[in-house]
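Following: one structure in structure tokens, then a few remarks.
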Amino acid sequence: MTDRLREPLAKVLGARSAGPLEALGVSDVGGLLAHYPRRYGDPGRVSDLAGLALGEHVTVMARVARATVRQMRSRGGAMLQAVVTDGHHDLSLTFFAKRPGVLRHHEDRLRPGRMGLFTGVVGAYRGSVSSRTPTT
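9 is the number of the first residue of the sequence shown in my numbering; add one for each residue after it.
What follows is the structure, encoded as structure tokens:
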């Protein structure tokens with residue numbers, strides 16, 4: 009049993025999955041078992057768009073008003089910008105990816121009029137409340 013705990017993650021999970029974990033300092037099975045998450049999500053709690061606080065990790069239920077993918081000029085990659093609403097308040101959502109093609113799937117799913125649950129960290133951009141969510 010002790011030998012199994014010392015087994016390298018690259019051997020157990022494959023190099024592609026083990027790479028990001030090794031960047032966190034987790035290199036073997038025992039290290040993975042002792043690695044705890046930074047935070048726990050609360051999927052049962054839905055926040056009201058009217059009461060969002062900067063820096064808060066929230067989940068909101070809202071209707072998609074619009075969504076568009078665009079190439080980022082300054083640093084490469086692409087971003088999907090969406091606006092969702094509860095009928096009274098709007099929230100801008102921003103998703104990032106290395107290539108626009110990765111975001112096209114999300115853009116297709118975020119058609120105007122569709123309802124959804126959206127999770128992310130509340131921030132401010134140019135005076136507007138927004139949620140920024142990294143996407144790979």
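Using N, Cα and C, we set each Cβ at its ideal position, and we do this for glycine too.
Predicted model only: the values in this text are computed from it and were never measured.
By the Cβ rule, the segment 64-76 counts as touching the segment 120-133, because three or more pairs are nearer than 8 Å. Here DSSP, grouped into helix, strand and coil, assigns residue 42 to coil. Within the same chain, 86 and 108 come within 7 Å of residue 79 by CB-CB distance, once the 5 residues on both sides are set aside. Looking at 58, 59 and 16, the one whose alpha-carbon comes closest to that of residue 39 is 16. At a Cβ-Cβ threshold of 9 Å, residue 12 and residue 34 do not count as neighbours. Spatial neighbours of residue 95 in its own chain (CB-CB distance under 8 Å, excluding positions within 5 residues in sequence) are listed in chain order as 71.
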